[in-house]
Amino acid sequence: MKENVSSFLPLSPATLHILLSLAGGDLHGYGIMQEVLRQSQGQYKLGPGTLYDNLQKLVELRFVEELGHRDGDDDPRRRYYRLTSRGREVLAAEIMRLQGVVREGKLRLQSARPRRA
Amino acid sequence: MLRFFYRWLVRFHPPRFRERFADEMLSIFDHAEARDSGKLVADVFISLARQWTIRRAFWEENVAPSAPAGAHGFPAFSILESSKPRKSALIEGVVLTWFAYAALFFALSHSKLHYVYVPSVAFEKVAGAEVRIPASGTNSTPTPGSLPTTTPTVSEAGTNSQKPDHPSLGRSRSSPSKSSAGSLPEPGRFHARTDFMGSSQSSPGKSKSSGPDSAAGVFQSMELTLGAAPAWPQATVPDGPAGQTLAAWLRAFNSGDRAQMEEYCQKYDANQSADGMMSFRNMTGGFELIQVVEGERLHLKFLVKERNSDTQAIGSLDVKDAEPAEVVQFGLRAIPPGTSISDLTFKVDAATRSRIIDASIAQLNESYVFPEVAKKMEVAVRARQKQGEYDAINDGNAFAAKLTENFQEVSHDKHLRVDYSPAKIPDRPLDAKPSPKDKAQYRQQMEHMNCGFEKLEHLDGNIGYVKFNMFADPDVCGPTAVAAMNFLGYADAIIFDLRENGGGDPKMIALISTYLFEQPTHLNDLWERKDNSTHQYWTLPYVPGKRLEGKAVYILTSKQTFSGAEEFSYNLKNLKRATLIGETTGGGAHPVSGHRIGDHFTIGVPFARAINPISKTNWEGTGVEPDVKVPAAEALATAERLAHDQKIPK
Numbered sequence: 001m002k003e004n005v006s007s008f009l010p011l012s013p014a015t016l017h018i019l020l021s022l023a024g025g026d027l028h029g030y031g032i033m034q035e036v037l038r039q040s041q042g043q044y045k046l047g048p049g050t051l052y053d054n055l056q057k058l059v060e061l062r063f064v065e066e067l068g069h070r071d072g073d074d075d076p077r078r079r080y081y082r083l084t085s086r087g088r089e090v091l092a093a094e095i096m097r098l099q100g101v102v103r104e105g106k107l108r109l110q111s112a113r114p115r116r117a
Numbered sequence: 118m119l120r121f122f123y124r125w126l127v128r129f130h131p132p133r134f135r136e137r138f139a140d141e142m143l144s145i146f147d148h149a150e151a152r153d154s155g156k157l158v159a160d161v162f163i164s165l166a167r168q169w170t171i172r173r174a175f176w177e178e179n180v181a182p183s184a185p186a187g188a189h190g191f192p193a194f195s196i197l198e199s200s201k202p203r204k205s206a207l208i209e210g211v212v213l214t215w216f217a218y219a220a221l222f223f224a225l226s227h228s229k230l231h232y233v234y235v236p237s238v239a240f241e242k243v244a245g246a247e248v249r250i251p252a253s254g255t256n257s258t259p260t261p262g263s264l265p266t267t268t269p270t271v272s273e274a275g276t277n278s279q280k281p282d283h284p285s286l287g288r289s290r291s292s293p294s295k296s297s298a299g300s301l302p303e304p305g306r307f308h309a310r311t312d313f314m315g316s317s318q319s320s321p322g323k324s325k326s327s328g329p330d331s332a333a334g335v336f337q338s339m340e341l342t343l344g345a346a347p348a349w350p351q352a353t354v355p356d357g358p359a360g361q362t363l364a365a366w367l368r369a370f371n372s373g374d375r376a377q378m379e380e381y382c383q384k385y386d387a388n389q390s391a392d393g394m395m396s397f398r399n400m401t402g403g404f405e406l407i408q409v410v411e412g413e414r415l416h417l418k419f420l421v422k423e424r425n426s427d428t429q430a431i432g433s434l435d436v437k438d439a440e441p442a443e444v445v446q447f448g449l450r451a452i453p454p455g456t457s458i459s460d461l462t463f464k465v466d467a468a469t470r471s472r473i474i475d476a477s478i479a480q481l482n483e484s485y486v487f488p489e490v491a492k493k494m495e496v497a498v499r500a501r502q503k504q505g506e507y508d509a510i511n512d513g514n515a516f517a518a519k520l521t522e523n524f525q526e527v528s529h530d531k532h533l534r535v536d537y538s539p540a541k542i543p544d545r546p547l548d549a550k551p552s553p554k555d556k557a558q559y560r561q562q563m564e565h566m567n568c569g570f571e572k573l574e575h576l577d578g579n580i581g582y583v584k585f586n587m588f589a590d591p592d593v594c595g596p597t598a599v600a601a602m603n604f605l606g607y608a609d610a611i612i613f614d615l616r617e618n619g620g621g622d623p624k625m626i627a628l629i630s631t632y633l634f635e636q637p638t639h640l641n642d643l644w645e646r647k648d649n650s651t652h653q654y655w656t657l658p659y660v661p662g663k664r665l666e667g668k669a670v671y672i673l674t675s676k677q678t679f680s681g682a683e684e685f686s687y688n689l690k691n692l693k694r695a696t697l698i699g700e701t702t703g704g705g706a707h708p709v710s711g712h713r714i715g716d717h718f719t720i721g722v723p724f725a726r727a728i729n730p731i732s733k734t735n736w737e738g739t740g741v742e743p744d745v746k747v748p749a750a751e752a753l754a755t756a757e758r759l760a761h762d763q764k765i766p767k
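These protein sequence lines are chains E and W, in that order.
For the first sequence, our numbering assigns the number 1 to the initial residue and increments by one for each residue that follows.
For the second sequence, our numbering assigns the number 118 to the initial residue and increments by one for each residue that follows.
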């Protein structure tokens, strides 16, 4: 299963953020948008069009599953989404990859300190 | 209404997507804050395009059932709905479309400025090509930008460029003696206090000068695509020498590449400098061409918009027919919002000419610093008027430049100048204080150009270096100056780079000078003709931070160093507090104040003179002689060497 997951990397920013927001628990679409906004400190605004486009793909890929409506929600139109174990796997793989990038970046930037001519 | 529209757009998504997500999207729309609804609508448009184009994999199989409907001849509808639309719905659609078009064209034909602004076609393709200009306007409405672009226009061949944004009036960049760049009396912007030594009078006409280096225009963005709209008349950028020159200028200017700017200056316009272009480019981000107002073989008048803001500017260019063409006059000035095309194409008639001549002579007689020189100027210009020398001039810039030249021939006073403004100058009382709006604009401009402070460096050998290009009003720029001086606090020697400094406010001169002295020091006096009064300028009792008394001071000068920057140099030279390195400065020691002398004209009248408490005279006409004469380009290296040799304070 592992090798199969790595073929999905790197994840697009939208995918990464959506998976990451669902990693904390089940959410409905609007919840995902707000969670993404919070995670990125307001820098990444996900529109509903992009969101559902990605959810459509992610459900297709079985990274995310649709839970349907929830009783007692203040808006009955909302459907909830959950990260599958396969989704969790791909997210973990992506985070590992990003760690490598960050490590490399720090090294490079330190050695390239600007000099005055 | 917006919600209805949103819902409608959501419904047009591919069926499978719509079935699964339409309700949820609508739910999000209902929960989102009202101010985000615009963004949501944009989002749904993008989504619509995406789902119908690159997401076929998700809808194709679902669409199949409704496909047969396409056979009925309504393919677009058939994909979305399984039934054909009613005939009446089609008719309603046609009527609705007709109304929408009617409303659009009505709006187009009633917009104020008629231009088209379309990004993206490189100028090369355009020079010589047709550029369409809508008779009926379109796009953006001009709004005041943040730029200091009030760049003047100007000058004759041989005149020099002035730096944009230099506060002092009439700053001339190179060959002294000739008339110089024009300035911009922009109503409502940057007038007050922009002149050398901060005359306290801030009349509406006060102008600020800058120069050809600031001129800018960009053809890059001409729009060819709009040619599709048949109702629009066209303007043509002629493929003549003027068009080619402007194309070259735009290319170089917008490239942001110094080498290209240098090449342009060498080839077409010796009055511009790569330095000037570069700093103006950095300030504006380049220009988009909006419209060519007048296009002839050797003459262009055009409208541009600054990339960094909404500021628009009117540019004019005249060239001599040669290969390559030689620039006779090139200028740009910012225009206030709401200026109409008729203002921009204003022609000077005989009545206006004589009115402007009368009014400028009256102003000079009333307040020019030397009354007898004012009389001589009157005699000279009246004689020329009688001989009909002005009769053929109907271009505002040319007329202002000619008058400036003729007044300066007699007075040799580079602060004295007549300026033309394409936009009407509001008629405000002479003694009107700057309005809060003026002040806010001045502040915005200062912020935009960092109060003229361009570079602050700690050089090898613990030498502090600061380059600033104006002495701005401490009211707004004091904190910046204080921060800069404190950055230099621990240096063993200080280099002030005034090679591109066109002057400014004597209060700022006093503020910065204060850091160089421990004791209260008398810097300069200004004598005013009006009430025969003398105002003394001293260092201030207090400035925040560490003072630099005893530290070696070097001032870099060039022939563009002018007005207030000369005062700073002259003061410190006479006080033996600094070593001047570079070229003899421009030679302007008369603070100036602006006066409105017509709907489109102002005159900057020098009304006072500097008197140094030590030399008892000033640098008017002669400039300030450096202690070490080297070409301006070598001044910094020379100063660094001297500072190293001298090492540490005495």
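All C-beta atoms in this analysis are idealised placements derived from N, C-alpha and C, irrespective of residue type, glycine included.
Find out if the Cβ-Cβ distance for the pair residue i, residue j is shorter than 9 Å.
| i | j | result |
| --- | --- | --- |
| Pro730/W | Pro708/W | no |
| Glu141/W | Tyr44/E | no |
| Ala23/E | Arg88/E | yes |
| Phe524/W | Val498/W | yes |
| Arg79/E | Gly68/E | yes |
| Gly705/W | Ser680/W | yes |
| Arg398/W | Tyr381/W | no |
| Tyr123/W | Leu165/W | no |
| Asn688/W | Leu640/W | yes |
| Leu417/W | Gly403/W | no |
| Ala752/W | Arg616/W | yes |
| Gly31/E | Asp160/W | no |
In the DSSP assignment, what residue or residues form a beta bridge with residue i?
| i | result |
| --- | --- |
| Gly581/W | His575/W, Ile611/W |
| Asn641/W | Tyr654/W |
| Phe134/W | Its beta-bridge partners do not exist; DSSP assigns none. |
| Arg534/W | Gly721/W |
| Ser710/W | Val722/W |
| Leu27/E | Tyr81/E |
| Ala669/W | Ala610/W |
| Phe397/W | In the DSSP output, where bridge partners are listed per residue, Phe397/W has none listed. |
| Arg450/W | Ile431/W |
| Gln502/W | The partner list for Gln502/W (beta bridge, DSSP) is empty, contrary to what the question assumes. |
| Ile698/W | Leu673/W, Val745/W |
Rank the options by C-alpha distance to the C-alpha of residue i and give the top, closest one.
| i | options | result |
| --- | --- | --- |
| Ala151/W | Gln168/W, Arg120/W, Glu141/W | Arg120/W |
| Ala608/W | Val670/W, Arg646/W, Ala598/W | Val670/W |
| Phe357/W | Lys437/W, Gly393/W, Ser396/W | Note on identity: in this sequence residue 357/W is Gly, with Phe being the wrong assignment. Gly357/W has its Cα closest to that of Lys437/W, out of Lys437/W, Gly393/W, Ser396/W. |
| Trp655/W | Phe585/W, Thr638/W, Leu665/W | Thr638/W |
| Gly711/W | Leu689/W, Arg545/W, Gly569/W, Asn735/W | Arg545/W |
| Leu406/W | Ser528/W, Lys422/W, Ala750/W, Ala439/W | Lys422/W |
| Leu449/W | Asp435/W, Ala439/W, Glu440/W, Ser457/W | Asp435/W |
| Ser477/W | Arg713/W, Phe370/W, Leu605/W, Ile171/W | Arg713/W |
| Asp642/W | Arg664/W, Glu483/W, Ala725/W | Ala725/W |
| Ala359/W | Val409/W, Phe223/W, His575/W, Gln377/W | Val409/W |
| Gly606/W | Leu665/W, Asn691/W, Lys492/W | Leu665/W |
| Ser85/E | Arg77/E, Glu65/E, Val102/E, Asp75/E | Glu65/E |
| Asn511/W | Glu526/W, Lys464/W, Ala627/W | Lys464/W |
For the ligand ZN, is there a heavy atom less than 8 Å away from the beta-carbon of residue i?
| i | result |
| --- | --- |
| Phe162/W | Absence of the ligand ZN is noted for the structure shown, with no ligands found whatsoever. |
Exercise. What residues in the region 29-49 of chain E bring their beta carbon closer than 8 Å to a beta carbon of chain W?
Worked result: For the region 29-49 of chain E, which is checked against every Cβ of chain W, the residues closer than 8 Å are Gly29, Tyr30, Met33, Lys45, Gly47, Pro48, Gly49.
Exercise. Any chance the region 384-391 of chain W sits against the region 437-453 of chain W, with 3 or more Cβ pairs inside 8 Å?
Worked result: Contact holds between the region 384-391 of chain W and the region 437-453 of chain W, because three or more Cβ pairs, one in each stretch, are under 8 Å apart.
Problem set entry | Residues in the region 72-105 of chain E having any Cβ partner in chain W nearer than 8 Å | Residues of the region 72-105 of chain E that bring their beta carbon within less than 8 Å of a beta carbon in chain W comprise Asp75, Arg77, Arg78, Arg79, in sequence order.
Exercise. According to a CB-to-CB cut-off of less than 8 Å, which residues of the region 130-146 of chain W neighbour chain E?
Worked result: Those residues of the region 130-146 of chain W that come within reach of chain E (Cβ to Cβ, closer than 8 Å) are Phe134, Arg137, Phe138, Asp140, Glu141, Met142, Leu143, Ser144, Ile145, Phe146.
Problem set entry | Members of the region 497-521 of chain W near chain E, C-beta cut-off 9 Å | Considering only beta carbons, no part of the region 497-521 of chain W lies closer than 9 Å to chain E.
Problem set entry | the region 4-31 of chain E: positions lying closer than 9 Å to chain W by Cβ | Under the 9 Å Cβ criterion, the region 4-31 of chain E contributes His28, Gly29, Tyr30.
Exercise. How about the region 522-537 of chain W and the region 558-573 of chain W: do they share at least three Cβ pairs that are nearer than 8 Å?
Worked result: Contact fails: fewer than three Cβ-Cβ distances are below 8 Å.
Exercise. Is the region 610-622 of chain W touching the region 576-595 of chain W in the sense that three or more CB pairs, one from each, lie closer than 8 Å?
Worked result: These segments touch.
For this session: Answer yes if the region 641-654 of chain W comes into contact with the region 587-595 of chain W, meaning at least three C-beta pairs across the two stretches below 8 Å, and no otherwise.
Result: Remark: fewer than three beta-carbon pairs, one from each stretch, lie closer than 8 Å, so the region 587-595 of chain W and the region 641-654 of chain W are not flagged as touching.
For this session: Check whether the region 732-739 of chain W touches the region 489-508 of chain W, counting contact only when three or more Cβ pairs, one atom from each stretch, lie closer than 8 Å.
Result: Flag = no, the region 732-739 of chain W and the region 489-508 of chain W do not touch.
Exercise. What residues from the region 394-418 of chain W come within 8 Å of chain E, judged by C-beta to C-beta, listed N to C?
Worked result: Result list empty, no residue passes.
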